[in-house]
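The structure appears below as structure tokens.
4 protein chains.
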Amino acid sequence: MGSFAGHVLPGGMLLFLGLWWGIKFSMFQLTQKNKNRKWQLISRSNQRRLEIFEGFILIVFASVGVVSMQIAGAKVPLYDNTENHWSDMMNLQHCTIFMFFELAGAMTLLVHTTEAVPLALDRLVLGLAFLNKGLLISYHIHGQMMVDVTVHQLLVYIIYVDALILFLEVFHRGNITLELMRSTVSIVQGSWYWQIGFVLCPQGPQWDLSNHSNMMFVVMFFSWHLMFALLFTGLVYCTVSCVHPNKHQWTSPMEMGLLEKIPKSEDEG
Amino acid sequence: MGSFAGHVLPGGMLLFLGLWWGIKFSMFQLTQKNKNRKWQLISRSNQRRLEIFEGFILIVFASVGVVSMQIAGAKVPLYDNTENHWSDMMNLQHCTIFMFFELAGAMTLLVHTTEAVPLALDRLVLGLAFLNKGLLISYHIHGQMMVDVTVHQLLVYIIYVDALILFLEVFHRGNITLELMRSTVSIVQGSWYWQIGFVLCPQGPQWDLSNHSNMMFVVMFFSWHLMFALLFTGLVYCTVSCVHPNKHQWTSPMEMGLLEKIPKSEDEG
Amino acid sequence: MGSFAGHVLPGGMLLFLGLWWGIKFSMFQLTQKNKNRKWQLISRSNQRRLEIFEGFILIVFASVGVVSMQIAGAKVPLYDNTENHWSDMMNLQHCTIFMFFELAGAMTLLVHTTEAVPLALDRLVLGLAFLNKGLLISYHIHGQMMVDVTVHQLLVYIIYVDALILFLEVFHRGNITLELMRSTVSIVQGSWYWQIGFVLCPQGPQWDLSNHSNMMFVVMFFSWHLMFALLFTGLVYCTVSCVHPNKHQWTSPMEMGLLEKIPKSEDEG
Amino acid sequence: MGSFAGHVLPGGMLLFLGLWWGIKFSMFQLTQKNKNRKWQLISRSNQRRLEIFEGFILIVFASVGVVSMQIAGAKVPLYDNTENHWSDMMNLQHCTIFMFFELAGAMTLLVHTTEAVPLALDRLVLGLAFLNKGLLISYHIHGQMMVDVTVHQLLVYIIYVDALILFLEVFHRGNITLELMRSTVSIVQGSWYWQIGFVLCPQGPQWDLSNHSNMMFVVMFFSWHLMFALLFTGLVYCTVSCVHPNKHQWTSPMEMGLLEKIPKSEDEG
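Chains as they are written, first to last, in the working numbering: chain A, 1 to 269; chain B, 1001 to 1269; chain C, 2001 to 2269; chain D, 3001 to 3269.
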């Protein structure tokens, strides 16, 4: 890993995606609730256009990643016959990660432009892309120093959580709580990439990567990222609610869960 | 960790919360079953008042925790540039844990005073608070002695179970079995904190923290805590049932589960 | 652990329970399917009597276990103040395991004799008893030899699977596939106890407990136990079906699963 | 393990099964959607014939495996009393693995020829066969070299994923996304067997099995296998769709998931 830019770039992409998902799903949710009315924030055809746009973004981001890896110096991997091993794995691994997201973007396009593909496949392939990313990164961190291992371990955890949420969405598509969680987790992932960049390649003096206190600080900082991402997603949801034209519509309680036993709007008075 | 008071304080809070949840959900369940009758133990507006009160309790408890950490000597963490590490992590970590519960309390208030927030979010954020607590404590226990590691490991397990139950409640809100389990698990957590206090800071002679028999005793004691918490929750449920005014109402069998194939009240005679 | 009888006793109990569950649930399932007919194999009141009988069996088995532990020499544990550790943990741990099953038996009685307790609680407490058993045994096996560790690890796995099936039954009560799986897994558990007895305390020459081939044999033997338990449960189900008086009734396909898309009995011809 | 043929043989079987499942479930899915029409690609009786044929294939494959193990030199295992250990475990273990698949094939036959067995059991026993395979292989890899351990670890992961999908299918039978995932995962498993054969027994110079770069290459290659298997399954599904006679029928969106909130076919215009 090492380079500062190599952590800021994917971090920025994930921050953008997290923000995009937060706004998109908030808008869909608010549109949803005014279902049987004529007037809606986003028509279904506009919803589909947003989904197609998201597919393009994923492909563009993944392509930028692949190309930047080439510029950063990925040669075609050569099997070194004299020494019997493969050289220059890192860049090639990162390309593999980005190519899976390219596939996810292509699947999103396919799902929302044609009708022949099961709707759930965009979530599934995106989930696989995150799972694959977690798997590859988890094999990166053999034999590094304690703080280095810890920051990447936490990164792998949050990547797996993202994959898990996407797999749950395969079965519970359109569940607003899962969708906002995905937005939050992606923001944490993005901001954590930046954090890793600052920890491993600081502008000032180097961190002592084998110090136990530093490791504990890093874990604590991770939970701060989580907290701020939660608050930020809440803020995004509220902002979208406020700019929504017919505000008095969204005051009915949102429901979720399979058995909801206390309908609150019954005998309030 | 170390100090006796530092384990008794959160333990007491969790014991109170566990007891509170046991009583609250028993009362809600009994109210539930007399749904289509006029006369009810708790009206819906009183239910909401209880929920709002619970939000306040969470915030007060978390604030007491944060403040007591300050008194116990948390200075503002200073990055020690000469030695390149962070000092005084413990207190700051505990503050972080409490701040997440503060957030959970605020979310509970928000969910039950306004209508704009999905109902499931109070469970979700409380579950995240427990998950975050488990994560932070699990990084505490590097390099301690065997019995010390074991008691904290068991604490982390039971905290994760609490988080898991809360995440299940996000999808199955109002399920009485899950709610009573949450009450039980919180009581185990609270009493286990006290147990840790007595093991690590005993009044009498010190324990031999590296002895294998002591470790096995501690594990067995944990299962006793679980057993007594189960019996205690059962007792709370029965007590609430007995003081309930129209007792002959609650004799119909409670159902749970998605497919219930043996309705017992059919051909009994 | 050590003694041969100490493994044969719980093994025999679990074999009995597995067989009992296999027969009981097969009979319930066959009764189920003739729902809207007068003539039934077991009336509902007889079903309840069987459940109450099962509660008694559990209590008797657990009491036998506790008493035999006393006879085997459990003294009241004394905290050895001079050496600062607890002595004679093993017998006390086994008593704890049995006491949890006593609780499970009492809960089964309570659920099926009164109407005040949620029906799901018998499964839940029995599942907790297995979970607790697995937890305690998993702390037994520190520092033993390789084959000894492996046999107990496999025992812990199968105990956790039993607990998992019971927790799934809390939500999917009456699902015949889960119930037959529980019967199978309990039979594997019981026969595996006997296997452990023969491996650790053989009549003939001692096994070499640190040999790698022996460890691999033991794992393979475990999968044979699983296979024979599957075949045995199948045999039990078929036998019960055959002695069932109105055989032509049970030829309709049994369904399970939440979405069953290929109803087979439609256009067969 | 060692021999090249010993990896190519099961790999080829799994590739065939993966392809077979991809084609079969695509055809079933397309037939499904024209439910209320007379004209269908496969009648129900033909579907059943395909299922019975699949049971035969499983039995034949497993028998070929068992027999080839005998030819490869499996003697009846003899407990070596002088040295107190079992000899020649490998072949016997592989026989055990194949025998479980034989059982799964027999169960498939039983489920689809008679009506007395719960429909879900074919998935369940096949899932158990994969679980058992993963368990046995995971005990193979003690004390091998780094690359050897990694390739078998990844094999065990993908085998467990196969088992997990089959267990999910027990509860969600007929879900096309799960079925296509099973096809994909089986193809990955099969092609990964071939990969292992080429890595451990190369035609050219030997790999350096303790080299860290080689290990990282192997992990990356695994994710390429996954990617190509995904694309291949997609290709199979599209091909089956294209040769399907009444193409205009399958243009309605496929649904999956328990709550599907955005029905796309509503107000497209």
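Just so it is clear, CB atoms sit at the ideal spot from N, CA and C, and this is done for glycine as well.
Considering only beta carbons, the part of the segment 162-193 of chain A lying closer than 7 Å to chain B consists of Ile176, Thr177, in chain order. Annotated as proximal: Val2111 (chain C) and Leu2119 (chain C), with beta-carbon spacing under 9 Å. With contacts defined by Cβ atoms closer than 9 Å, Tyr2157 (chain C) and Gly2011 (chain C) do not form a contacting pair.
The segment 211-231 of chain A makes no contact with the segment 41-53 of chain A; the number of CB pairs closer than 8 Å stays below 3.
Contact check for Val66 (chain A) and Cys95 (chain A): beta-carbon distance about 5 Å, within the 8 Å limit, so the pair qualifies. Within the segment 3141-3161 of chain D, contact with chain C at the beta-carbon level (separation under 9 Å) is assigned to His3142, Gly3143. Excluding residues up to 5 positions away in sequence, Gly3134 lie with their Cβ nearer than 6 Å to the Cβ of Tyr3160 (chain D) in the same chain. Setting aside the 5 residues that flank it on each side, Ser3210 (chain D) is surrounded in the same chain by Met3145, Met3146, Val3147, each with a C-beta closer than 8 Å to its C-beta; the list follows chain order.
Leaving aside the five residues that flank Leu14 (chain A) on each side, the residues in its chain whose CB is nearer than 6 Å to its CB run, in chain order, Ser186, Gln189, Gly190. At a cut-off of 9 Å between beta-carbon atoms, Phe2100 (chain C) makes contact with chain B. For Ser1026 (chain B), not one C-beta of chain C is nearer than 9 Å to its own C-beta. Contact note: Leu1235 (chain B) does not reach chain C at a C-beta cutoff of 8 Å; the least C-beta distance is about 13 Å. Look at Trp20 (chain A): its C-beta is not under 9 Å from any C-beta on chain B.
When C-alpha distances from Phe3053 (chain D) are compared across D:Leu3030, D:Thr3031, D:Leu3154, D:Trp3020, the shortest belongs to D:Trp3020. For Trp2194 (chain C), the uninterrupted alpha helix (DSSP H) run begins and ends at 2176-2200, by DSSP. The Cβ-Cβ distance between Phe3167 (chain D) and Ala3129 (chain D) does not fall below 9 Å. Judged by their CB atoms, Gly2127 (chain C) and Glu2179 (chain C) are not nearer to each other than the 9 Å cut-off. About 7 Å separates the CB atoms of Ser3183 (chain D) and Phe3025 (chain D); that is less than 8 Å, so the two are in contact. Between the alpha carbons of Ala1163 (chain B) and Leu1131 (chain B) lies a distance of about 6 Å. Less than 9 Å divides the Cβ of Val2218 (chain C) from the Cβ of Leu2154 (chain C). Contact of Leu3226 (chain D) with chain A by beta-carbon distance below 8 Å involves Leu128, Asn132.
With contacts defined as CB atoms closer than 9 Å, Phe171 (chain A) and Gly105 (chain A) fail to qualify as a contacting pair.
In the three-state reduction of the DSSP assignment, Asp162 (chain A) falls in the helix class.
The beta strand (DSSP E) runs lying completely inside the segment 207-241 of chain A and spanning 3 residues or more number zero. With a beta-carbon spacing of about 17 Å, Asp1122 (chain B) and Met1099 (chain B) fall beyond the 8 Å limit used to define contacts. Fully enclosed alpha helix (DSSP H) runs of no fewer than 4 residues occupy 2005-2033, 2044-2071 of the segment 2004-2071 of chain C, in order along the chain. Contact note: Leu1030 (chain B) does not reach chain A at a C-beta cutoff of 7 Å; the least C-beta distance is about 13 Å. For Arg2123 (chain C), the enclosing alpha helix (DSSP H) has its first and last residue at 2121-2138. When 9 Å is used as the limit between beta carbons, Val2243 (chain C) is near no residue of chain D, the shortest such separation being about 14 Å. Shown here for Met3069 (chain D): same chain residues with a beta carbon closer than 6 Å to its own, the five before and five after excluded, namely Asn3091, His3094, Cys3095 in chain order. Non-local beta-carbon contacts of Asn2214 (chain C) in its own chain, meaning distances under 7 Å to residues more than five positions away in sequence, involve Val2147, Trp2207, Asp2208 in chain order. In the structure shown, the three-state DSSP call for Met2145 (chain C) is coil. Judged by their CB atoms, Gly1006 (chain B) and Gly1197 (chain B) are nearer to each other than the 9 Å cut-off. Only residues of its own chain outside the window of five on either side were considered, and among them Gly2022, Leu2180, Ser2183, Thr2184 have a CB closer than 6 Å to the CB of Thr2233 (chain C), listed in chain order.
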